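In terms of this note's numbering, the sequence shown opens at residue 0 and continues consecutively.
We put the beta carbon where it would ideally sit given N, CA and C, even for glycine.
Here the structure is a predicted model, which means the values were calculated and not measured.
Here's the structure we're looking at; comments come further down.
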Amino acid sequence: MIDCLIIEDEQPAQEILKSYIDKTPFLNCIGVYESGLDVPLEKLQQTELLFLDIQLPELDGISYLKTLSNPIQVIITSAYDAYTLEAFEEAVVDYLLKPYSFERFFKAVTRVYNSVAIHQKNVEKNFFLYADKTLYNVLVDDILYLKAEVDYVKVVTKDKSVLILDSLSNWKIKLHPFNFLQIHRSYIIHIDKISKVQGNQVFIQDEIIPIGKSFKEEFISKIKNNL
């Protein structure tokens, strides 16, 4: 569970954020404040993820962000895109431009969830996927492969496929702790699920997946290490 804090001075925006957090099983909201100056130090020390508006009374969001010394992951929520570059220079996780959908929100917080999981001693063995207004809890060991579909990624498991708004490059990072490998510009596969390799093709259950020329050397090396 990730403890998160909201700093937002508009009540409708607060309510939207709280409702989105309540729908997300790995988030726990520990406080809502209208200004960064109102946040108690002990509450800030407990926070792992901060949702921060830009236009705030007394001290704007960017200025407040620069005062933070402890490592908090920050997602900016703003109606203005003029501060995007300055925000990312402060190493924010994401910049949500109001109004934003739950799908866009979930994509941002999943980055935080996966980042926390990767750095934990015991790596999380599941991912939460959001598609078609539904949250799917998918075990890593059930994933067969992933395929890039323009701005989406199709995550294929042993019993279903889920199409999510994301990129294959993001998933390459998320799956780094596990036995996955990109073998084509459009495919990442679970090495353990390969049934056979024939020529420049990998067979996983009934699927035939091509091995790209630029990925073949790394693939062969990975297979040898798994023997």
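Secondary structure at Ile71, three-state DSSP: helix, strand or coil?
It is coil, neither helix nor strand.
Just to confirm before moving on: does the CB-CB distance between Ile61 and Glu85 stay below 7 Å?
Taking 7 Å as the Cβ cut-off, Ile61 and Glu85 qualify as a contacting pair.
Whole-angstrom distance between Phe101 and Glu14, CA atom to CA atom:
13 Å
Comparing C-alpha positions only, which one of Ile163, Leu43 and Tyr144 sits nearest to Leu270?
In the structure displayed, the chain extends from 0 to 226; residue 270 sits before or after that span and is not available.
In its own chain, which residues sit with a C-beta less than 8 Å from the C-beta of Glu148, not counting the 5 before and 5 after it?
Leu162
Measure the Cβ-Cβ separation of Asn178 and Ile193 and say whether it is below 7 Å.
no
Whole-angstrom C-beta distance between Ile1 and Ser49, which should lie under 8 Å
Looking at the sequence itself, residue 49 is Leu, so the reference to Ser does not match. Actually they are not in contact, since the Cβ atoms of Leu49 and Ile1 sit about 11 Å apart, beyond 8 Å.
Cβ-Cβ distance between Ile71 and Thr46 below 7 Å
yes
Length-filtered (4 minimum) alpha helix (DSSP H) runs lying within the region 8 to 75:
Restricted to the region 8 to 75, the alpha helix (DSSP H) segments that are unbroken, complete and at least 4 residues in length are 10 to 22, 40 to 45 and 60 to 66, listed in chain order.
Do you know how far the Cα of Ile210 is from the Cα of Ile53?
Taking the straight line from one Cα to the other gives about 46 Å.
Whole-number beta carbon distance between Ile208 and Tyr186, since they are thought to touch under 8 Å
The pair is a contact, with the Cβ atoms about 5 Å apart (cut-off 8 Å).
Once the 5 residues before and after Asp80 are set aside, which same chain residues still bring their CB inside 7 Å of it?
Leu96
Cβ distance (whole Å) where Leu26 is taken to contact Val108 below 8 Å
6 Å
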